[in-house]
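Beneath this line is the structure, given in structure tokens, with notes to follow.
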Amino acid sequence: MSTTAVPEVAVTAVDEGFWTRARKAGAVLLALGVLATVLFGAFATDQQARFTLSETEGGAALEINGTVGAILFGVIAAAAGAALLAGVPKRWFTLLLGAGLVAFVLSFLCWQVSAAPEGRNFMPLVNVLRGTFILALPLTFGALAGVLCERSGVVNVAIEGQMLMGAFSGALFGSISGSVWVGLVAAAIGGAFISLLLAVFAIRYLVDQVVMGIVLNLLAVGVTGFLYERLMATDAEKYNSAPRFGNWEIPLLSDIPLLGPALFRGNIFLYLGLLLVLVIHLALFRTRWGLRTRSVGEHPTAADTVGVRVLGLRYRNVIMAGLVAGIGGASYTLALYSFTKNMIGGKGFIALAALIFGRWSPTGALLAALFFGFADQLATYLGAIGSSIPDQFLAMLPYLATILAVAGLVGKVRAPAADGKPYVKG
Amino acid sequence: MTNPNPASGSPDKEPATDALQARGEARATPTAPAGDAERPVAATAMKLPPAEQPRPSLGKLFLDNLWAANTVTVTVLAVVLAMLVGAVLIIVSDPEVLATYSYITARPTDALNASWTVVSEAYANLFKGAVFDPDAVGFTAAMGPISETLTYTAPLVFTGLSVALAFRGGLFNIGAQGQATIGVILAAVAGFALPLPPGVHLLVALLAGALGGALWGFIPGILKARTGAHEVINTIMLNYVAVYFLTWIIVQSGVQDPTRSDAISKPVDASAQLPRLLGDNLRVHAGILLAVLATWFVAWLLNRSTLGFELRAVGANPDAARTAGISVTKTYVLVMVIAGLLAGLGGSNMVLGSTADALTPLVIAQIGFDGILVALLGRVKPWGVLLAALLFGALQAGGNRMQSYSGISLELVTVLQALIVIFIAAPALVKAIFQLRAARAARLQTSLAKGW
Numbered sequence: 001m002s003t004t005a006v007p008e009v010a011v012t013a014v015d016e017g018f019w020t021r022a023r024k025a026g027a028v029l030l031a032l033g034v035l036a037t038v039l040f041g042a043f044a045t046d047q048q049a050r051f052t053l054s055e056t057e058g059g060a061a062l063e064i065n066g067t068v069g070a071i072l073f074g075v076i077a078a079a080a081g082a083a084l085l086a087g088v089p090k091r092w093f094t095l096l097l098g099a100g101l102v103a104f105v106l107s108f109l110c111w112q113v114s115a116a117p118e119g120r121n122f123m124p125l126v127n128v129l130r131g132t133f134i135l136a137l138p139l140t141f142g143a144l145a146g147v148l149c150e151r152s153g154v155v156n157v158a159i160e161g162q163m164l165m166g167a168f169s170g171a172l173f174g175s176i177s178g179s180v181w182v183g184l185v186a187a188a189i190g191g192a193f194i195s196l197l198l199a200v201f202a203i204r205y206l207v208d209q210v211v212m213g214i215v216l217n218l219l220a221v222g223v224t225g226f227l228y229e230r231l232m233a234t235d236a237e238k239y240n241s242a243p244r245f246g247n248w249e250i251p252l253l254s255d256i257p258l259l260g261p262a263l264f265r266g267n268i269f270l271y272l273g274l275l276l277v278l279v280i281h282l283a284l285f286r287t288r289w290g291l292r293t294r295s296v297g298e299h300p301t302a303a304d305t306v307g308v309r310v311l312g313l314r315y316r317n318v319i320m321a322g323l324v325a326g327i328g329g330a331s332y333t334l335a336l337y338s339f340t341k342n343m344i345g346g347k348g349f350i351a352l353a354a355l356i357f358g359r360w361s362p363t364g365a366l367l368a369a370l371f372f373g374f375a376d377q378l379a380t381y382l383g384a385i386g387s388s389i390p391d392q393f394l395a396m397l398p399y400l401a402t403i404l405a406v407a408g409l410v411g412k413v414r415a416p417a418a419d420g421k422p423y424v425k426g
Numbered sequence: 001m002t003n004p005n006p007a008s009g010s011p012d013k014e015p016a017t018d019a020l021q022a023r024g025e026a027r028a029t030p031t032a033p034a035g036d037a038e039r040p041v042a043a044t045a046m047k048l049p050p051a052e053q054p055r056p057s058l059g060k061l062f063l064d065n066l067w068a069a070n071t072v073t074v075t076v077l078a079v080v081l082a083m084l085v086g087a088v089l090i091i092v093s094d095p096e097v098l099a100t101y102s103y104i105t106a107r108p109t110d111a112l113n114a115s116w117t118v119v120s121e122a123y124a125n126l127f128k129g130a131v132f133d134p135d136a137v138g139f140t141a142a143m144g145p146i147s148e149t150l151t152y153t154a155p156l157v158f159t160g161l162s163v164a165l166a167f168r169g170g171l172f173n174i175g176a177q178g179q180a181t182i183g184v185i186l187a188a189v190a191g192f193a194l195p196l197p198p199g200v201h202l203l204v205a206l207l208a209g210a211l212g213g214a215l216w217g218f219i220p221g222i223l224k225a226r227t228g229a230h231e232v233i234n235t236i237m238l239n240y241v242a243v244y245f246l247t248w249i250i251v252q253s254g255v256q257d258p259t260r261s262d263a264i265s266k267p268v269d270a271s272a273q274l275p276r277l278l279g280d281n282l283r284v285h286a287g288i289l290l291a292v293l294a295t296w297f298v299a300w301l302l303n304r305s306t307l308g309f310e311l312r313a314v315g316a317n318p319d320a321a322r323t324a325g326i327s328v329t330k331t332y333v334l335v336m337v338i339a340g341l342l343a344g345l346g347g348s349n350m351v352l353g354s355t356a357d358a359l360t361p362l363v364i365a366q367i368g369f370d371g372i373l374v375a376l377l378g379r380v381k382p383w384g385v386l387l388a389a390l391l392f393g394a395l396q397a398g399g400n401r402m403q404s405y406s407g408i409s410l411e412l413v414t415v416l417q418a419l420i421v422i423f424i425a426a427p428a429l430v431k432a433i434f435q436l437r438a439a440r441a442a443r444l445q446t447s448l449a450k451g452w
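Chains as they are written, first to last, in my numbering: chain A, 1 to 426; chain B, 1 to 452.
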């Protein structure tokens with residue numbers, strides 16, 4: 001991003017004159033809103049679009065006529081865009097942009113749900129919300145691993161490999177010992193093993209960190225795939241039947257409509273993930289460790305001058321990142337599925353995208369992960385109601401969004417200044 | 001054991017010597033090469049014997065150099081180390097062999113014998129499947145392994161060159177996978193949709209593949225040049241976009257094979273297929289010739305053309321290049337377009353050659369990611385890439401035989417490949433393990449450390 005940007009370009013990246021960032025975003029939003037009003041409005045049918053507050057068709061529901069809804073929300077999106085284009089105080093920017101995008105999505109949903117065949121023209125919001133969180137969870141862990149690494153100046157492209165190794169060793173040792181807790185610890189250690197390799201080669205041997213990350217991903221795919229074939233495929237009973245964490249219901253909170261079933265009836269990984277976001281956020285911005293981490297990531301020489309042990313801190317953070325990513329991998333094998341070859345299947349790279357999209361902050365990463373999880377869940381849902389939109393295009397959404405974000409079209413993202421640069425004392 | 005080249009912030013040096021020169025005796029004479037004066041860090045690490053001492057014999061010099069950390073020695077040792085780790089993996093994952101270790105103190109020979117048998121058989125099959133099987137009878141059987149190796153090599157050369165070329169221009173092209181994917185789509189569609197005479201049809205299909213790859217390379221190139229968006233992130237993202245596009249287009253009517261219900265496209269016409277070189281029974285096809293041609297072209301481009309000079313200048317130091325009047329933005333875009341073009345050709349190989357004749361979701365396998373390893377192993381030099389691709393192709397071909405004959409799954413090959421590159425990427429580690437002399441280690445630095 002901007003660190004390696006070509007200076008002759010960096011000038012153009014500064015918003016100047018009439019076309020500020022807000023105005024550009026407003027223009028795009030206005031176009032989207034008009035598109036939604038016209039297209040979605042035309043395609044939507046007169047059926048009711050039902051958004052039920054339960055997991056099934058029944059129960060309380062928000063209902064709206066398909067055509068009316070599509071046009072109404074389209075107009076709202078367009079209005080938000082027009083307001084941004086006209087120029088509003090800066091503090092309204094995020095609010096208007098968010099509202100406009102949500103309205104655009106709602107318009108789209110009104111069309112899709114109302115156009116679905118009879119009997120399937122409802123959207124169970126609880127399911128969608130819970131699915132979003134479940135799908136966002138591994139991304140959150142992965143992105144947090146990225147935050148820990150990259151904030152201290154080590155690029156972590158090996159998230160995929162760390163998660164895969166975590167998933168594998170969680171399944172293996174969980175099965176052998178028969179205990180979920182042993183599995184969880186083993187998963188964390190498995191992830192940390194890959195990140196230890198990353199740390200040693202990146203910090204000690206100064207190997208290019210992106211190169212190392214890519215190679216480590218392949219190594220993890222190879223090692224887990226090989227051992228899967230040799231152990232798990234031959235004796236699944238013994239090596240690949242890890243016990244699983246059940247769902248824990250939190251009393252009172254789980255009775256909140258909509259949010260309760262989605263957020264407070266999850267497994268340990270859901271609570272752990274949300275807790276980690278909070279803890280890492282506070283630690284990063286409120287503690288001495290956080291200040292040191294950030295300073296090492298931005299200007300290691302300066303940090304060294306005032307007595308921070310740059311390399312030691314980097315080692316520690318990279319290994320912690322591996323622990324977190326390993327737990328993220330275990331959220332598959334110790335809660336949902338048994339281990340299969342290459343089961344992370346690119347989620348580590350979406351986590352990387354979430355990290356970048358969330359601008360290298362824990363909360364931003366969570367929001368980005370939720371957005372990507374929602375896109376994923378939406379693709380599943382639209383497939384289920386027989387939508388005319390190919391689910392492959394929805395699946396592309398996170399990646400395209402990241403490209404747009406990195407290109408500076410959705411605001412500026414900036415990596416820690418020393419991210420990826422090995423530090424050599426003296 | 002300190003790293004001889006800590007200031008590895010700059011991209012690779014001009015490759016002054018190739019691997020063979022590096023170990024030649026003439027070079028070993030202690031006449032303090034002028035080039036080293038510019039690299040004081042490397043010079044101190046070299047510890048050349050003082051010139052006043054009597055000249056050691058040629059043989060001794062040769063041995064000294066053989067055991068120095070030069071390119072060839074480190075590569076060979078990296079392969080050896082990787083195979084050792086692979087052997088450990090084979091042993092620990094074999095319950096029967098592992099059982100003999102439970103009484104190793106009582107009868108150590110049992111454990112050693114069992115380990116040796118399982119490992120040596122696996123690696124013997126690896127060799128037989130890749131190079132030559134002494135039991136083979138007849139031309140087809142004898143040439144079979146080589147034919148397989150060359151078949152796997154061809155696409156890897158293209159993707160390896162793609163990554164290497166971008167490296168030299170200071171860009172990390174992780175997108176060879178995506179570029180090859182778009183390339184294979186366009187090549188296949190041109191292969192079955194256009195009614196053209198033989199020869200022309202093949203040419204058009206190859207061109208379509210190259211164009212597809214070039215387009216997919218152009219996007220991160222222009223984004224990098226215009227907005228400074230990092231090509232690593234964008235190429236990773238475009239890889240996935242390409243994969244989803246592939247899975248989508250396969251099942252569209254007009255593309256999907258009408259006789260099949262699963263995700264597979266119509267087969268490519270015979271007129272658009274690369275001709276086989278050694279008869280119909282052997283899979284090796286003209287793609288390997290194209291690969292050699294491409295290697296020659298990239299070598300020429302890098303070392304003999306104006307664009308190549310500008311590309312290397314930008315790769316070494318964009319600011320200096322701009323000051324010298326080179327358009328950095330134009331170079332970035334061109335580098336990525338050519339890199340994409342090469343990767344696209346590699347993808348075309350997968351469907352126009354003998355590997356497959358129709359699109360499937362896994363049609364290009366891992367050639368893009370393997371290309372990254374090949375480029376690193378080849379020290380980002382065109383002819384080095386060719387040799388590295390040959391090694392990787394051989395591992396693939398041998399791995400197939402190892403899987404079917406010894407029951408060692410193909411993933412071991414992935415492990416070996418990754419490990420080889422890890423050891424290559426950290427020559428200091430190999431040096432430390434084998435206590436190599438430090439000579440010329442500075443040239444081994446293949447990586448180009450660079451932030452986001």
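The beta carbon of each residue, even a glycine, is placed where N, CA and C say it ideally should be. In this text, all values refer to a predicted model and were calculated from it rather than measured experimentally.
Using beta-carbon positions only, say whether residue i and residue j come within less than 8 angstroms of one another.
i, j, result
"E55(A)", "N121(A)", "no"
"N349(B)", "A154(B)", "yes"
"A80(A)", "L29(A)", "yes"
"I219(B)", "L238(B)", "yes"
"L352(B)", "V421(B)", "no"
"R314(A)", "V296(A)", "yes"
"I280(A)", "L139(A)", "no"
"L218(A)", "T259(B)", "no"
"R77(A)", "G41(A)", "Note that residue 77(A) is Ala in the sequence shown here, rather than Arg. Result no, Cβ atoms of A77(A) and G41(A) do not sit closer than 8 angstroms."
What in chain B is Cβ-close to residue i, meaning under 9 angstroms?
i, result
"T402(A)", "I233, N234, I236, M237"
"G346(A)", "N239, Y240, V243"
"L378(A)", "None at all; the shortest Cβ gap to chain B is about 15 angstroms."
"L96(A)", "Chain B residues near L96(A): none, gap ~24 angstroms exceeds 9 angstroms."
Run through chain A and tell me which residues come within less than 8 angstroms of residue i, C-beta to C-beta.
i, result
"F158(B)", "Neighbours of F158(B) on chain A: none; closest Cβ ~18 angstroms, over 8 angstroms."
Residues of chain A with a CB under 7 angstroms from the CB of residue i: which are they?
i, result
"I91(B)", "None at all; the shortest Cβ gap to chain A is about 11 angstroms."
"W296(B)", "Those within 7 angstroms of W296(B) in chain A number zero; the least Cβ separation is about 26 angstroms."
"E411(B)", "G222, G225, F226, E229"
"L429(B)", "Y205"
"A418(B)", "V215, L218, L219, G222"
Anything in chain B within Cβ reach of residue i, meaning under 8 angstroms, just list it in chain order.
i, result
"M396(A)", "Y240, V241, Y244, F245"
Give the residues of chain A in contact with residue i, contact being defined as C-beta atoms less than 9 angstroms apart.
i, result
"I422(B)", "L197, F201, V207, M212, V215, L216, L219"
"A425(B)", "F201, Y205, V207, D208, V211, M212, V215"
Inset, instruction - Inspect the CB distances between the stretch 82-94 of chain A and the stretch 361-380 of chain A and report whether three or more fall short of 8 angstroms. - result: no
Inset, instruction - Evaluate contact between the stretch 160-168 of chain A and the stretch 308-327 of chain A, counting only Cβ atoms and requiring at least three cross-stretch pairs below 8 angstroms. - result: yes
Inset, instruction - Below 9 angstroms between beta carbons is the criterion; list the residues of the stretch 350-378 of chain B that meet it against any residue of chain A, in chain order. - result: Q366, F369, D370, I372, L373, L376
Inset, instruction - With 7 angstroms as the C-beta to C-beta threshold (strictly closer), list the residues of the stretch 185-205 of chain A near chain B in chain order. - result: F201, Y205
Legend entry - Contact list for the stretch 32-64 of chain A against chain B, Cβ threshold 8 angstroms: none
Legend entry - contact_flag[the stretch 371-386 of chain B, the stretch 107-117 of chain B] where n(CB pairs < 8 angstroms) is 3 or more: no
Legend entry - Minimum length 4: unbroken alpha helix (DSSP H) runs contained in the stretch 108-162 of chain B: 108-130
Legend entry - Residue ranges of each alpha helix (DSSP H) within the stretch 182-265 of chain A, 4 or longer: 209-227, 236-239, 259-263
Inset, instruction - Just list the alpha helix (DSSP H) runs in the stretch 342-388 of chain B, keeping only unbroken ones of 4 residues or longer that don't cross its boundaries, in chain order. - result: 367-377
Inset, instruction - At 3 residues or longer, and completely inside the stretch 69-149 of chain A: list those beta strand (DSSP E) runs for me, N to C. - result: 122-124
Legend entry - Under 7 angstroms (Cβ pairs) to chain A, residues found in the stretch 172-200 of chain B: F172, I174
Legend entry - In chain order, each alpha helix (DSSP H) run of at least 4 residues that lies wholly inside the stretch 263-305 of chain B: 287-304
Legend entry - Short-range partners of chain A found in the stretch 315-332 of chain B, where Cβ spacing is below 9 angstroms: P318, D319, R322, V328, T329, Y332
Inset, instruction - Would you be able to state if there are at least three C-beta pairs under 8 angstroms between the stretch 339-358 of chain A and the stretch 394-402 of chain A? - result: yes
Inset, instruction - Enumerate, from N- to C-terminal direction, the unbroken alpha helix (DSSP H) stretches of 4 or more residues contained entirely within the stretch 276-355 of chain A. - result: 288-298, 300-305, 310-333
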